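Structure, as structure tokens:
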Amino acid sequence: MSSSTASTHSAESARGFVAGDPNDPARRTWITVASCAGAAGAAAVAVPFVSTFTPSEKAKAAGAPVEVDIDGMKPGELRRVEWRGKPVWIVRRTPEMLESLKKTEGQVADPGSARKDYPTPDYAKNQYRSIKPEYFVAVGICSHLGCSPGEKFQPGPQASLPDDWAGGFLCPCHGSTFDLAGRVYKNKPAPDNLEVPPHMYLTETRLLIGDDRKA
Amino acid sequence: MASEKIVTTTGLMGWIDRRFPLTATVQAHLTEYYAPKNFNFWYFFGSLAILVLMLQIVTGIFLVMHYKPSATEAFASVEYIMRDVPWGWLVRYMHSTGASAFFIVVYLHMFRGLIYGSYRKPRELVWVFGCLIFLCLMGEAFFGYLLPWGQMSYWGAQVIVNQFSAIPFIGPDLALLIRGDFVVSDATLNRFFSFHVIAIPLVLLGLVGAHVVALHEVGSNNPDGVDIKAKKDALGRPLDGIPFHPYYTVHDIMGASVFFIAFSAVLFFAPEFGGYFLEYNNFVPADPLKTPPHIAPVWYFTPFYSVLRATTEDFLLYWLSPVVVAYVVLVFATVKRGFAKIVGAAAGAVLIGGFMLIDAKFWGVVGMGASVVILFALPWIDNSPVKSIRYRPSWHVYVYALFVVAFLILGYFGTQPPSEVAGLLCKICTLVYFGFFALMPWWSEMGEAKSVPDRVTFAH
């Protein structure tokens, strides 16, 4: 050690200080290096702790896809199942209900489901917003602040609804309305259509909600 | 003239300093707090104890996010943390390894105080706060141990709480009050959760703060027992002192790094540590109807547990009673003050009467408590003219060594099932353990002390 300091000594004394002086920049370098190493270590330790905040295996398992049997549903019936803690509706629409969608086309804010905030799957980017026109699948949560809208399938004037009401859903919390394809009406608090979850038909009567990968 | 604050810092620091003693505190406790320059290996454990406390608090905070303090859900929630929570196993192992690490660090820290006379005047209060911290730490560990709701958790709690029922007259009602039920149950678990997570940590933080403040008020001792404040330079700085920051902050970072190497080795490769850090029986859910065949407290409680087991009827009548009589005779022979003699004789008589009249069960509990509480007395029973073991008469080293050996033997046999040999050895070691303290007023002033230098040394 002394030989290395002897050779640097003359160079450093020209700069006005000696190795070992508190102002020796070599010390600064080592403090910086050690601090950076320490910061990297601290970040590395923080990662597992922050990870404990993320959903656990149990939560992820609970979020797994749900199979629904739609056999025996009556026309106009709404069946409710739970997926990831949220209500998912399956509505067996009548021909009249499907007709009403043509009428509401001009009254809804996003008739083509083009908005990106709750992206509509490609197979639901149509007027009836589903794979099969007869069966409508949507997450029953209002896109405003999260309440679950109620069924208002009966057309005609009713409380809180316009005189030309064609049938659909009314959210009790702030009054947003949706048509029978879950499309939100214009000038309502809710900005988006009802979310269509990823889903696929395993058979004619078995629906898998939460997964749409074709094997 | 009103005392004016002299603030030399400018800018934001100046604004803060005129309203809050930030720079003043940093100076008083870090950059202008002078610690002896001859600290050795034994002086790492104080800062390590604070480090482990912070570790336990942080890992505890994250564990509480997933733990369920209910008799029906607790065990499963711990398994959930271990298996389902991302990195949960690491947080849990850090907390369990940290608990044992805490006791290793604290025992070594206390041993330093013992050998260097760190508890002597004017540091008695530092020692007293430290003993209180030790008591709180034992309570904290005990309450925390019930939380996983395993077999050892349940039966350990059952045994310790029942010890309170050994107290004459008020015992059974007291045990009922502590448990909140007739047996250890959900009610017990919930209140132990509160004690472990909130009550005792708050008390511990307060006591640790008081411990450091008391230390800083008088300054630290050192391996030579030399008073560094006796020799100061022209600016009032101790000649044998160095500012805590940057010297000991950097020194303690190095100590922390070595600690983390050892800690990580255990954490990642042997977190159960052969069943000593995480006991095998505790992987079985609590069953109130069946006690495990081999039950022992966690390793850090075993020395005191051995004292409890050694206190049998025979021990009280045939070992302790003669010892008490001999002790009273010693007091009479050597102590001058009449008052002390009367008190000594009376206490001796009460004690022997108590041994004969009250169950050994009670005296076992008393003995266990006394084996911890006797530590408080240390500053007042040490009569040696020198503080540090370095300058004591040479044979004092053997007295300390005997004490350590007795403590370790008591600890070892505390982990084992009872046996004839163990019983005998533990009785002997109990007498050695208490004798070390009880006879200290006499043996500490015997022998030829070496002359203490007036400047610190680095030779050892």
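Residue numbers (our numbering), protein chains in the order written: chain A, 19 to 233; chain B, 3 to 462. Glycine included, every Cβ here is placed at the ideal spot set by N, Cα and C. Just so you know, these numbers come straight off a predicted model, no measurement behind them.
The three-state secondary structure of Val186/B, taken from DSSP, is coil. Contact note: Pro88/B reaches chain A through Pro66, Ser69, Thr70, Phe71, Thr72, Pro73, Ser74 and Glu75, using a C-beta cutoff of 9 Å and chain order. Each of Ile135/B, Phe415/B and Gly346/B was checked against the Cα of Ser308/B, and the nearest Cα belongs to Phe415/B. Neighbours of Phe64/B in chain A, taken as residues whose beta carbon is under 7 Å from its own, are Phe67 and Thr70 in chain order.
Straight-line measurement puts the Cα of Pro248/B at about 21 Å from the Cα of Pro225/B.
Here Asp242/B is not near Lys452/B, since their CB atoms are 8 Å or more apart.
Residue environment for Leu50/B: buried (at least 16 other C-beta atoms within 10 angstroms of its C-beta).
In the structure shown, the three-state DSSP call for Pro43/A is helix. Using a Cβ-Cβ cut-off of 8 Å, Leu55/B does not count as an interface residue toward chain A, since no Cβ of chain A sits closer than that to its own. Sequence-distant partners of Tyr393/B (beyond 5 residues in either direction) whose C-beta falls short of 8 Å from its own C-beta, in its chain, are Asp226, Gly227, Ala451, Lys452, Ser453 and Val454.
At a Cβ-Cβ threshold of 8 Å, Tyr156/B and Pro273/B do not count as neighbours.
A Cβ of chain A is located within less than 8 Å of the beta carbon of Leu92/B. Beta-bridge pairing by DSSP links Pro245/B to Tyr36/B.
At a C-beta separation below 9 Å, Met67/B has these neighbours in chain A: Thr70 and Phe71.
Taking the Cα positions, Thr195/A is about 14 Å away from Pro129/A.
The stretch 87–95 of chain B and the stretch 61–73 of chain B touch, with no fewer than 3 CB-CB distances between them shorter than 8 Å. Burial state of Gln153/B is buried, judged by a 10 Å Cβ sphere holding 16 or more other Cβ atoms.
Taken in chain order, the unbroken stretches of beta strand (DSSP E) that lie wholly in the stretch 59–95 of chain A and span 3 residues or more are 84–87. Nearest CB-CB separation between Tyr250/B and chain A: not below the 8 Å threshold.
Separation of Ile52/B and His111/B (C-alpha to C-alpha, rounded to the nearest whole angstrom) is 11 Å.
Assigned with DSSP and collapsed to three states, Trp183/A falls in coil, not helix or strand. In the displayed model, Leu237/B falls within coil according to three-state DSSP, outside both helix and strand. Thr304/B sits away from Ala312/B, with the two beta carbons spaced by 8 Å or more. Exclusion of the five residues before and after Phe197/B leaves Phe145 as the residues of its chain whose Cβ lies within less than 6 Å of its Cβ. With fewer than 16 other beta carbons inside 10 angstroms of its own, Met256/B counts as exposed. The Cβ-Cβ distance between Leu198/A and Met115/A falls below 8 Å. By the Cβ-count criterion, Leu322/B is buried, with 16 or more other Cβ atoms from all chains shown falling within 10 Å of its own Cβ.
Against chain A, the CB of Tyr82/B has a partner CB under 8 Å away; the residue lies at that interface. Within chain A, Glu75 have C-beta atoms less than 8 Å from the C-beta of Arg85/B, given in sequence order. Of Phe171/A, Ala52/A and Gly193/A, the smallest CA-CA separation from Pro93/A is found for Phe171/A. Taken in chain order, the whole alpha helix (DSSP H) runs of length 4 or more contained in the stretch 354–406 of chain B are 362–375 and 380–383. The C-beta of Gly366/B has 16 or more other C-beta atoms within 10 Å across all chains shown, which makes the residue buried. Within the stretch 93–172 of chain A, the runs of alpha helix (DSSP H) at least 4 residues long that lie entirely inside it are, in chain order, 113–122. For Leu225/A, the uninterrupted beta strand (DSSP E) segment begins and ends at Arg224 to Ile227. DSSP, reduced to helix, strand and coil, places Asp226/B outside both helices and strands of the structure shown, so it counts as coil. For His68/B, the closest alpha carbon among the candidates Val87/B, Gly13/B, His213/B and His97/B is that of Val87/B.
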